[in-house]
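Down below is the structure, laid out as structure tokens.
There are 2 protein chains.
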Amino acid sequence: MSPVSLTRPPEPGPPDVTHGTAQPSRHEVLGVVLQVRDDVLHVLLWRRALAPHAGRWSLPGGTLGPVEDLRESIRRQLAEKVDVRELSHLEQLDSRGAPRRVPGERVVATTYLGLVPGHADPHVPADTRWHPVDALPRLAFDHADVVEAGRSRLRSKLSYTNLGFALVPPTFTMSELARYYRACLGHEVDVTNLQRILARRDQIEPTGEVLRSGRSGGRPAAVYRFRHPSLEVTDAFAVLHPPRVAAPG
Amino acid sequence: MSPVSLTRPPEPGPPDVTHGTAQPSRHEVLGVVLQVRDDVLHVLLWRRALAPHAGRWSLPGGTLGPVEDLRESIRRQLAEKVDVRELSHLEQLDSRGAPRRVPGERVVATTYLGLVPGHADPHVPADTRWHPVDALPRLAFDHADVVEAGRSRLRSKLSYTNLGFALVPPTFTMSELARYYRACLGHEVDVTNLQRILARRDQIEPTGEVLRSGRSGGRPAAVYRFRHPSLEVTDAFAVLHPPRVAAPG
DNA sequence: TCTGGTTATCGACTGGTCGTCGATAACTGA
DNA sequence: TCAGTTATCGACGACCAGTCGATAACCAGA
Numbered sequence: 001m002s003p004v005s006l007t008r009p010p011e012p013g014p015p016d017v018t019h020g021t022a023q024p025s026r027h028e029v030l031g032v033v034l035q036v037r038d039d040v041l042h043v044l045l046w047r048r049a050l051a052p053h054a055g056r057w058s059l060p061g062g063t064l065g066p067v068e069d070l071r072e073s074i075r076r077q078l079a080e081k082v083d084v085r086e087l088s089h090l091e092q093l094d095s096r097g098a099p100r101r102v103p104g105e106r107v108v109a110t111t112y113l114g115l116v117p118g119h120a121d122p123h124v125p126a127d128t129r130w131h132p133v134d135a136l137p138r139l140a141f142d143h144a145d146v147v148e149a150g151r152s153r154l155r156s157k158l159s160y161t162n163l164g165f166a167l168v169p170p171t172f173t174m175s176e177l178a179r180y181y182r183a184c185l186g187h188e189v190d191v192t193n194l195q196r197i198l199a200r201r202d203q204i205e206p207t208g209e210v211l212r213s214g215r216s217g218g219r220p221a222a223v224y225r226f227r228h229p230s231l232e233v234t235d236a237f238a239v240l241h242p243p244r245v246a247a248p249g
Numbered sequence: 250m251s252p253v254s255l256t257r258p259p260e261p262g263p264p265d266v267t268h269g270t271a272q273p274s275r276h277e278v279l280g281v282v283l284q285v286r287d288d289v290l291h292v293l294l295w296r297r298a299l300a301p302h303a304g305r306w307s308l309p310g311g312t313l314g315p316v317e318d319l320r321e322s323i324r325r326q327l328a329e330k331v332d333v334r335e336l337s338h339l340e341q342l343d344s345r346g347a348p349r350r351v352p353g354e355r356v357v358a359t360t361y362l363g364l365v366p367g368h369a370d371p372h373v374p375a376d377t378r379w380h381p382v383d384a385l386p387r388l389a390f391d392h393a394d395v396v397e398a399g400r401s402r403l404r405s406k407l408s409y410t411n412l413g414f415a416l417v418p419p420t421f422t423m424s425e426l427a428r429y430y431r432a433c434l435g436h437e438v439d440v441t442n443l444q445r446i447l448a449r450r451d452q453i454e455p456t457g458e459v460l461r462s463g464r465s466g467g468r469p470a471a472v473y474r475f476r477h478p479s480l481e482v483t484d485a486f487a488v489l490h491p492p493r494v495a496a497p498g
């Protein structure tokens, strides 16, 4: 790289419509839609019919429309694969623009993470299926990377946000909740600890109900719910806090 | 939204080059380049010459080239404003595609956070200048939002990663380091605490040297450096740890 | 050389949080 | 009534960070 020149740099964005036509580029959105089904984390995939990568499983998504926001677009595309009313959470992951990530044309992709709560069982089209994330078939393009990015985002956010709300039914017992966390985190989760952490952070509250015991007996479990149905960050995990002000009174 | 249809959804990505020409859309990259100068966080801005928003200050960036990766592109664009060899860190922030975020045409933007270490003073072109982030002029388009996203990302990552390495000169005293952190975090940072936290996380180590005292006297300060010159995440801040395995031996 | 001013460093205290584990509660079926 | 099962609670201990006072190491001027 040469040192910076002092001449006026070219204008990056004149309102010149011909600018875009020089490069046949396309913008697409892709969704990593995750759900815990039978204690196992699954991702929604559909099987491509056409080339390239015909027959391969791939993430739902498609081309950004001319007057569509990115978030709008991914919701529209997902609506073709799953009842989007079931989507409890949707957030942007990242964008990828490697020139050869899709053969034959230039496609920049913006990826999203979507979550479906565990009790829902939305209808999916015939070419679409839930796959356990730990036993995926070979995916089209760079979609395997994208799935990993989604899992990774979910794992971290379960730790420092209240994102659990998006995984579970409206009410649940602590054992059930721990199973959801286990499925996403990939390791054991102690029920006692989970209960104390989430309670201390004001994420969950008891509904007052208790569940009847099953056939095998056991103490009936208390029923909980998440307090807030939207994403909140647990500030306790930004270290390097501002100094504490002395409590008034 | 209607329930999901069971008919085959349209193929999202046929290798059809005409698909892109229907919508005159452009993809741009934007960079929030931050540096602590004289204990104050600054962002690199340049003044637009042409419409729209002629005369307004805006973020460096420009149109993605036909065979360019996103990261390549932002480096190329930034090279026109600042010596990119000085860039100590570069990471993607997000993408924005609101249909009217730029008047006159459709532009999807992918934004990046760039950091320049405090000791560097790279030459910048005549139309480009460092601005204190707390006293910004009115910015073009949605660039003010983007700057906020960059600051926010920097603040959080200072807490749970070793990103400090990208802010400071190769060696520094703890007082200096605390001043860099203060400038980014926007609040007081206790030197004792900072030293212990970073040492415990193995981020910093003493070089062995000490600095001579200044005119005003005072004990000479020990000189430190960051151990690793690339981003590492502090795992201590993912709560909900996997269970501890008993230490061997 | 002494003394006060200044800056840096260190150690100790404290409170909060979490991983762990044993004790207890509340149910089932035999 | 008792063994088996599941859920809940309480306590302990480790660890870590925010705070603060004590000490160290320098300067300048009297």
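So the protein lines, in turn, are chains A and B.
Throughout the first sequence, residue numbering follows this note's numbering, covering 1 to 249 in sequence.
Throughout the second sequence, residue numbering follows this note's numbering, covering 250 to 498 in sequence.
Ideal placement from N, C-alpha and C gives every residue a C-beta, glycine not left out.
None of the values given here were measured: they were computed from a predicted structure.
*asked:* Can you find the residues in the same chain that come closer than 6 angstroms, C-beta to C-beta, to A:R47, ignoring five residues on each side of it along the sequence?
replied: Your numbering for residue 47 of chain A matches position 47 in the first sequence. Non-local beta-carbon contacts of A:R47 in its own chain, meaning distances under 6 angstroms to residues more than five positions away in sequence, involve W57, D127 in chain order.
*What number of angstroms, rounded off, separates the C-alpha of B:E317 from the C-alpha of A:V84?*
Position 68 of the second sequence, counted from the start, is the residue given in the question as residue 317 of chain B. Position 84 of the first sequence, counted from the start, is the residue given in the question as residue 84 of chain A. For the pair B:E317 and A:V84, the Cα-to-Cα distance works out to about 34 angstroms.
*In this structure, what does DSSP give as the bridge partners for B:F279?*
For the purposes of this step, residue 279 of chain B is taken as residue 30 along the second sequence, with counting starting at 1. Strictly speaking, residue 279 of chain B in this sequence is Leu, with Phe absent from that position. In DSSP, B:L279 forms a bridge with B:G310, B:T360.
*Reference A:T111, options A:K81, A:G97, A:S159, closest by Cα*: Walking along the first sequence from the start, residue 111 of chain A turns up at place 111. Out of A:K81, A:G97, A:S159, A:G97 has the C-alpha closest to the C-alpha of A:T111.
*Would you tell me roughly how many angstroms separate the C-alpha atoms of B:L339 and B:G363, rounded to the nearest one?*
Position 90 of the second sequence, counting from 1, holds the residue named residue 339 of chain B. Position 114 of the second sequence, counting from 1, holds the residue named residue 363 of chain B. Rounded to whole angstroms, the separation of the alpha carbons of B:G363 and B:L339 is 4 angstroms.
*C-alpha distance - B:G367 paired with B:G466, whole-angstrom precision*: As a working note, residue 367 of chain B is residue 118 in the second sequence. As a working note, residue 466 of chain B is residue 217 in the second sequence. It is roughly 25 angstroms from the alpha-carbon of B:G367 to the alpha-carbon of B:G466.
*Going by CA-CA distance only, name the one from B:L385, B:G311, B:T420 that's closest to B:L327.*
Stepping through the second sequence from its first residue, residue 327 of chain B is reached at position 78. The candidate whose alpha carbon is nearest that of B:L327 is B:G311.
*Please name the residue in A:P170, A:A178, A:L139 whose C-alpha comes closest to that of A:L158.*
Against the first sequence, residue 158 of chain A aligns to sequence position 158. Taking only the C-alpha atoms, the option nearest A:L158 is A:A178.
*Using a Cβ cut-off of 9 angstroms, pull out every chain B residue sitting near A:Q92, in sequence order please.*
By 1-based counting over the first sequence, the position of residue 92 of chain A is 92. What A:Q92 touches in chain B, judged by beta-carbon distance under 9 angstroms, is D343, S344, going in chain order.
*Kindly say whether B:H368, judged by its beta-carbon, lies nearer than 7 angstroms to any beta-carbon of chain A.*
Residue numbering aside, residue 368 of chain B sits at position 119 when the second sequence is read from its first letter. Against chain A, the CB of B:H368 has no partner CB under 7 angstroms away; the residue lies outside that interface.
_For B:R324, count the other beta carbons within 10 Å of its own beta carbon; 16 or more makes it buried, fewer makes it exposed. Which is it?_
Stepping through the second sequence from its first residue, residue 324 of chain B is reached at position 75. With 16 or more Cβ atoms within 10 Å of its Cβ, B:R324 is classed as buried.
_Within the continuous alpha helix (DSSP H) that includes B:H393, where are the two ends?_
In the second sequence, the residue the question calls residue 393 of chain B occupies position 144. The question names His, but residue 393 of chain B in the sequence shown is Ala. Membership of B:A393 in the alpha helix (DSSP H) is indicated by the continuous run 392-409.
*Give me the Cα-Cα distance between B:V395 and B:V472, rounded to the nearest whole angstrom.*
Against the second sequence, residue 395 of chain B aligns to sequence position 146. Against the second sequence, residue 472 of chain B aligns to sequence position 223. Each residue's Cα considered, the two are about 35 angstroms apart.
_Under 7 angstroms between C-beta atoms of A:A109 and A:L231_ = Here residue 109 of chain A refers to the residue found at position 109 when the first sequence is read from its first residue. Here residue 231 of chain A refers to the residue found at position 231 when the first sequence is read from its first residue. The criterion of a C-beta distance shorter than 7 angstroms is not satisfied by A:A109 and A:L231.
*Classify A:H123 as buried or exposed, calling it buried when 16 or more other Cβ atoms lie within 10 Å of its own Cβ.*
Looking up residue 123 of chain A in the first sequence gives position 123. Exposed.
_If the cut-off is 7 angstroms on Cβ atoms, which residues from the segment 101-118 of chain A count as contacting chain B, listed in chain order?_
Going along the segment 101-118 of chain A in chain order, one finds V102, G104, E105, R106, V107, V108, T110 with a Cβ nearer than 7 angstroms to chain B.
*asked:* Short of 6 angstroms in beta carbon distance, which residues of its chain neighbour B:T256, apart from the five on each side in sequence? Order them along the chain.
replied: As a working note, residue 256 of chain B is residue 7 in the second sequence. With a pLDDT of 30 at B:T256, under the threshold of 50, the predicted position of this residue should be treated as unreliable, though the coordinate-derived value follows. So no residue of the chain qualifies.
*On the three-pair Cβ rule with 8 angstroms, is the segment 163-181 of chain A touching the segment 136-144 of chain A?*
The count of Cβ pairs closer than 8 angstroms, one atom from the segment 163-181 of chain A and one from the segment 136-144 of chain A, stays below three, leaving the stretches out of contact.
*Which runs of the beta strand (DSSP E) fall wholly inside the segment 404-475 of chain B and span at least 3 residues, in chain order?*
Every unbroken stretch of the beta strand (DSSP E) spanning 3 or more residues and falling wholly within the segment 404-475 of chain B is given here in chain order: 453-459, 471-475.
_Taking the alpha carbon of A:V133 as the reference point, which residue from A:V36, A:E209, A:L41, A:E72 has its own alpha carbon closest?_
On the first sequence, position 133 is the one that residue 133 of chain A refers to. Checked all of A:V36, A:E209, A:L41, A:E72; the closest Cα to A:V133 is A:L41.
*Beta-carbon of A:D145 versus every beta-carbon of chain B: anything under 7 angstroms?*
For the purposes of this step, residue 145 of chain A is taken as residue 145 along the first sequence, with counting starting at 1. Not an interface residue.
*Drop a sphere of 10 angstroms on the beta-carbon of B:G457, count the other beta-carbons inside from all chains shown, and report buried for 16 or more, exposed for fewer.*
The sequence position of residue 457 of chain B within the second sequence is 208, counting from 1. Counting the other Cβ atoms within 10 Å of the Cβ of B:G457 gives fewer than 16, which makes it exposed.
*Should B:A271 go down as buried or exposed, given a rule of 16 or more other Cβ atoms within 10 Å for buried?*
Sequence index remark: in the second sequence, residue 271 of chain B carries index 22 (1-based). Legend: pLDDT at B:A271 = 44, less than 50; position of this residue unreliable, value from coordinates given subsequently. Burial call: exposed.
*Residues that A:D142 contacts on chain B, provided the C-beta gap is smaller than 7 angstroms*: As a working mapping, residue 142 of chain A is identified with position 142 in the first sequence. Simply none; closest approach about 12 angstroms.
_Per DSSP, cross-strand counterpart(s) of B:V297_ = For the purposes of this step, residue 297 of chain B is identified with residue 48 of the second sequence, where counting begins at 1. A quick correction: the sequence has Arg, not Val, at residue 297 of chain B. DSSP lists no partner for B:R297.
*Could you please tell me which residues of the segment 48-64 of chain A, in chain order, have their CB closer than 9 angstroms to any CB of chain B?*
Residues passing the 9 angstroms Cβ filter: R48, A49, L50, A51, P52, S58, P60, G61, G62, T63, L64.
*Use the C-beta contact count for A:S152: other C-beta atoms within 10 angstroms, 16 or more gives buried, fewer gives exposed.*
For this step, residue 152 of chain A is matched to residue 152 along the first sequence. Label assigned to A:S152: exposed.
_Whole-angstrom C-beta distance between B:R474 and B:E454, which should lie under 8 angstroms_ = To locate residue 454 of chain B, count along the second sequence from 1; it is residue 205. To locate residue 474 of chain B, count along the second sequence from 1; it is residue 225. Contact holds; Cβ gap of about 6 angstroms.
*Output, in sequence order along the chain, the residues in the segment 430-464 of chain B whose CB is closer than 9 angstroms to any CB in chain A.*
Taking 9 angstroms as the upper bound on Cβ-Cβ separation, chain A lies near residues Y430, L434, G435, H436, E437, V438, D439, N442, L443, I446 of the segment 430-464 of chain B.
*asked:* Among the candidates A:G65, A:R100, A:E86, whose CA atom is the shortest distance from the CA of A:D121?
replied: Reading the first sequence from its first residue, position 121 is the one you call residue 121 of chain A. Closest in alpha carbon position to A:D121, among A:G65, A:R100, A:E86, is A:E86.
_Delimiting residues of the beta strand (DSSP E) encompassing A:L90_ = Walking along the first sequence from the start, residue 90 of chain A turns up at place 90. Going by DSSP, A:L90 is part of the beta strand (DSSP E) stretching over 89-96.
*Measuring CB to CB, does A:A166 end up less than 7 angstroms from A:S88?*
Locating residue 166 of chain A in the first sequence gives position 166, where the first residue counts as 1. Locating residue 88 of chain A in the first sequence gives position 88, where the first residue counts as 1. It is a contact, given that the beta carbons lie within the stated cut-off.
*asked:* With H, G and I counted as helix, E and B as strand and the rest as coil, what does DSSP make of B:L480?
replied: Start at 1 with the first residue of the second sequence, and residue 480 of chain B comes out as number 231. Residue state for B:L480 is assigned as coil, using DSSP reduced to three classes.
*Leaving out five residues on either side along the sequence, give the residues of the same chain with a beta carbon under 8 angstroms from the beta carbon of A:S95.*
Position 95 of the first sequence holds residue 95 of chain A. Same-chain partners within the cutoff: V108, A109, T110, T111.
*asked:* Using only CA atoms, which one of A:D39, A:L34, A:L59, A:L211 lies nearest to A:L45?
replied: As a first step, residue 45 of chain A must be located in the first sequence, where it is residue number 45. Ranking the options by Cα distance to A:L45, first place goes to A:L59.
*Just the chain B side, please: which residues come within less than 8 angstroms of A:H27 by C-beta, in chain order?*
Indexing the first sequence from 1 puts residue 27 of chain A at position 27. Under a criterion of Cβ atoms nearer than 8 angstroms, the residues of chain B adjacent to A:H27 are, in order, S274, H276, G346, V357.
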